Amino acid sequence: MRVQLPLINTVHGRSALTCRFRCGDACFHPAPNTSSNPYVGDVIATALSRRSMMRAAAVVTVAAAAGTAGTVVTAPPAEAADRQARPKPKGRAARGLRFTPVAPNTADTVTIPAGYSQNVVVRWGEPILRGAPAFDPDRQTAAAQAGQFGYNNDFLALLPLPGERGRQVLVANHEYTDEVLMFRGYDAAEPTREQVEIAWAAHGLSAVVVEEDKKNGALTVVPRHHLNRRVTATTEFRLTGPAAGSDLLRTSADPTGRKVLGTLNNCSGGTTPWGTTLHGEENFNQYFANAGRATDKRYGIGTGASERKWERFDKRFDVAQEPNEVHRFGYVVELDPYDPSSAPRKHTALGRFKHEGATVRLTHDGRPVVYSGDDERFDYFYKFVGGKRMKHGSSRAVREHNLSLLDEGTLYVARLTGDSPALEIDGTGKLPADGEFDGGGEWIPLVTATAKGAVSHVEGMTADEVCVFTRLAGDKVGATKMDRPEDIEPNPHSGKVYVALTNNTNRGVGTNAPADEANPRNANKHGHILELTERWNRADSTKFAWTLFLVAGDPEDPATYFAGFPKDAVSPISCPDNVAFDPHGNLWISTDGNQLGSHDGLFGVATKGERRGELKQFLTVPTGAETCGPLVQDRRVLVAVQHPGEISGATVEKPASTWPDGPGKIVRPAVVAVWRKDGDDIGV
């Protein structure tokens with residue numbers, strides 16, 4: 033008997049089908065964080081004297097709590113004029129954003145600006161490894177899927193391929209599987225072993241060489257290239273860092289605690305300066321069944337059967353039988369795409385939580401700094417500062433050194449302060465008396481790892497425990513509760529760090545935390561973007577300032593804010609999720625769960641100058657889809673169109689979308705490239 037899907041179409045901006053398969057209905061469960069840690073607003077109420085210090089420090093920017101939607105940018109005194117809406121500047125848009133905005137729409141296609149072209153680079157199921165068969169939706173096998181492009185592409189990276197002109201290595205995450213959209217007649221109560229093993233093979237990562245068409249900007253797959261690779265839920269990984277070998281990570285299949293099979297729910301990620309890719313294991317909790325410990329509850333791991341019933345086919349997904357297996361997921365994964373024989377690594381030094389992604393910048397002396405958000409209501413955001421310097425070169429010794437950079441260093445969690453009286457934050461997004469929402473913060477150390485060992489900075493927890501139960505460590509040190517911090521990206525031009533906060537409709541509802549200075553709007557369903565500036569713009573600083581850069585929603589809503597840019601000259605945006613930067617320093621934002629009646633899309637916004645805050649929609653995605661990736665190059669934009677057709681009630685037999693191949697064909701997640709027809713740079 034086929035499972036009866038909920039009748040409602042959307043919940044908190046996502047389809048109920050998305051909630052089931054991507055995050056295990058996380059929004060329907062009580063928030064896992066039941067600690068008494070202060071919310072940003074609580075901190076603000078006791079920090080009224082900090083305004084003078086913040087101004088003296090003259091640091092500008094972002095990191096505060098996530099998930100309320102109505103706020104206005106805050107900036108240091110030098111940018112005071114930016115706090116109010118400015119007259120619309122004359123002249124052209126910022127370089128990189130000179131295109132005609134796409135109008136909000138509900139078309140079942142990828143809609144792009146006039147003067148641009150597109151192509152589907154690679155779809156779910158396309159063969160990329162030697163010997164893999166062509167995709168046949170009615171004859172799927174696990175062996176075939178293991179050689180084909182995976183399902184539900186999310187994060188994208190394009191890396192250079194020296195010696196092969198016109199070619200690059202595309203790396204993609206495959207976050208999760210939609211079994212009801214993959215298999216005809218799927219019975220969620222009784223999945224078959226073959227269906228489960230296909231799903232295992234459809235998770236993970238793909239690395240595939242792509243080639244540019246010399247006549248235009250299209251990208252096409254180079255099948256059977258020696259660098260092409262699939263990493264799945266059964267690929268062997270190395271556990272590295274302070275917790276590797278710990279009793280907390282040992283299982284009956286791996287008594288060493290140093291090897292683990294597979295990676296799950298890879299959401300966003302990052303590209304390192306040393307030529308590898310990072311991938312964040314996010315909603316890993318949903319794959320495990322029969323949990324019951326307090327530590328499991330803190331991570332949202334269920335006490336009953338899992339949605340996909342994988343525990344029926346492999347005991348490692350049954351916490352009652354293998355209590356430590358679940359401790360081996362929830363990390364940042366590192367892949368070397370230039371060495372298909374290498375074992376990917378899971379870095380315990382970066383902590384275990386629902387990593388939305390992981391992005392890297394270097395300190396002034398060449399050490400890596402990694403930012404990562406914990407995508408959960410009222411959880412935290414983190415920074416890792418490495419202890420070793422990156423080496424330059426391509427020798428085996430250099431690459432091996434650089435692959436160890438994320439095993440030594442200090443992991444921090446953010447604590448925020450504000451400077452306006454709590455009484456002035458009324459939940460509507462109205463500015464406080466000082467005319468700005470802003471504040472400062474500090475990075476609280478959790479654990480430091482060196483070649484000689486690791487030291488915990490959290491009372492009552494060992495270093496191993498901090499790395500494995502990082503959420504509990506954040507609870508203990510009083511980290512500031514935030515609202516679903518998602519993708520976090522440092523601007524390579526300015527050094528400012530931007531945090532995408534998708535939404536939090538629970539803000540100020542019932543007994544949930546009320547609006548605060550960093551989250552000034554109750555029942556926030558549209559989300560916002562924060563800027564964070566490290567003190568002295570040093571990536572390894574332990575102090576920062578924050579301000580709100582963009583408050584999403586209908587520009588006609590007085591609570592929305594676009595960095596002071598006139599709101600009658602911007603595109604409407606809702607539910608920012610992933611962010612990226614173009615070569616000009618503009619911020620590009622992809623959305624997930626648009627609450628304004630239009631499909632999700634990709635937007636570009638200027639971050640500096642008189643056009644700061646001018647936001648323009650570049651594309652929309654098909655029915656039921658989410659905009660992932662994104663990747664913006666000089667002459668090309670790439671997006672991962674994830675879960676097209678994912679509407680409640682949709683099945684293979686009753687599709688909600690016919691993208692990308694038209695009626696009569698199964699709906700397939702895919703990567704899309706967009707370029708200018710005249711061959712010039714994007715948006716110039």
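Per the numbering used here, residue 33 is the first one in the sequence shown, and the count goes up by one each step.
A virtual CB, placed ideally from N, CA and C, is assigned to each residue, including glycine.
Just so you know, these numbers come straight off a predicted model, no measurement behind them.
Can you list, in chain order, the stretches of the beta strand (DSSP E) that have 3 or more residues and sit fully within the stretch 274 to 348?
291 to 293, 298 to 303, 309 to 313
Under the three-state reduction of DSSP, which class applies to Ala-688: helix, strand or coil?
coil
Which same chain residues, not among the five before or five after Ala-164, have their C-beta less than 7 Å away from its C-beta?
Ala-176, Gly-179, Gln-180
Output the distance between the C-alpha atoms of Gly-442 and Thr-574, rounded to the nearest integer angstrom.
Inspection of the sequence shows that residue 442 is occupied by Thr rather than by Gly. Whole-angstrom Cα-Cα distance: 11 Å.
Shortest alpha-carbon distance to Ala-276 belongs to which of Ala-481, Gly-715, Ala-555, Val-142?
Ala-481
Using DSSP with H/G/I as helix, E/B as strand and the rest coil, what is Lys-120?
coil
First through last residue of the beta strand (DSSP E) which encompasses Cys-660
658 to 664
Work out the CA separation of Arg-171 and Tyr-659 for me, nearest whole Å.
Just to set this straight, residue 659 is Thr in the shown sequence, not Tyr. The alpha-carbon atoms of Thr-659 and Arg-171 are separated by roughly 29 Å.
Excluding five sequence neighbours on each side, which residues of the same chain lie with their C-beta closer than 7 Å to the C-beta of Phe-300?
Note that residue 300 corresponds to Ser in the displayed sequence, not to Phe. Within the same chain, Ser-300 has close Cβ partners Asp-186, Phe-187, Gly-312, Glu-388, Gly-389, Asp-519, Asn-610.
What's the call for Trp-232, buried or exposed, on a 16-neighbour Cβ count within 10 Å?
buried
Once DSSP output is grouped into helix, strand and coil, what is the label at Glu-518?
strand
Give the single residue among Thr-272, Arg-199, Val-479, Thr-283 whose Cα lies nearest to the Cα of Leu-251.
Arg-199
Got a sec? Which residues, its chain only, sit under 7 Å from Thr-50 by beta carbon, not counting five neighbours each side?
His-675, Glu-678
Compare the Cα-Cα distances from Leu-394 to each of Val-529, Thr-449, Trp-475, Asp-586 and report the closest residue.
Val-529
Using C-beta distances below 6 Å, list every residue in its chain close to Thr-592, excluding the 5 sequence neighbours before and after it, in chain order.
Val-583, Gly-585
Other residues of its chain near Thr-327: CB distance less than 8 Å, five sequence neighbours each side excluded:
Phe-501, Leu-504
Pick helix, strand or coil for Val-716, following the three-state DSSP scheme.
coil
Distance check for Ala-638 and Phe-594, CA to CA, integer angstroms please.
10 Å
Return the bridge partner residues of Leu-271 from the DSSP annotation.
Lys-378
Would you report the Cα separation of Ala-96 and Tyr-319, rounded to the nearest angstrom?
Reliability fails at Ala-96, whose pLDDT of 30 lies under 50, so the model's placement of it is uncertain and no value is given.
Going by beta carbon distance, what residues of the same chain come within less than 6 Å of Val-154, once the five residues before and after it are set aside?
Phe-181, Val-253, Val-703
Taking the continuous beta strand (DSSP E) assigned at Gln-200, which residues delimit it?
199 to 206
Decide if Asp-693 is buried, meaning its Cβ has at least 16 other Cβ atoms within 10 Å, or exposed.
exposed
Taking buried to mean at least 16 other C-beta atoms within 10 Å of its own C-beta, is Arg-340 buried or exposed?
buried
Please report the straight-line C-alpha distance between Leu-663 and Leu-647, rounded to a whole angstrom.
17 Å
Please classify His-424: is it buried, with 16 or more other beta-carbons within 10 angstroms of its beta-carbon, or exposed?
exposed
Of the residues Phe-581, Pro-274, Cys-607, Ser-606, the one placed nearest Phe-597, counting alpha carbons only:
Phe-581
Taking DSSP as the reference, what is the three-state secondary structure of Arg-567?
helix
Three-state secondary structure assigned by DSSP to Val-402
strand
For Phe-576, the residue or residues it bridges with in DSSP:
Gly-473, Glu-566
Among Ala-265, Ser-338, Asn-205, Leu-193, whose alpha-carbon lies nearest the alpha-carbon of Ile-230?
Ala-265
Do Pro-121 and Glu-408 have their C-beta atoms closer together than 8 Å?
no
Would you list the one or two residues that DSSP bridges to Phe-416?
Val-402, Leu-443
Would you say Asp-140 and Trp-691 are within 8 Å of each other, going by their C-beta atoms?
yes
Helix or strand or just coil, what does DSSP make of Phe-594?
strand
Using a Cβ-based criterion (distance less than 7 Å to any ligand heavy atom), does Gln-180 qualify as near the ligand FMN?
This structure does not include the ligand FMN; it has no bound ligands of any sort.
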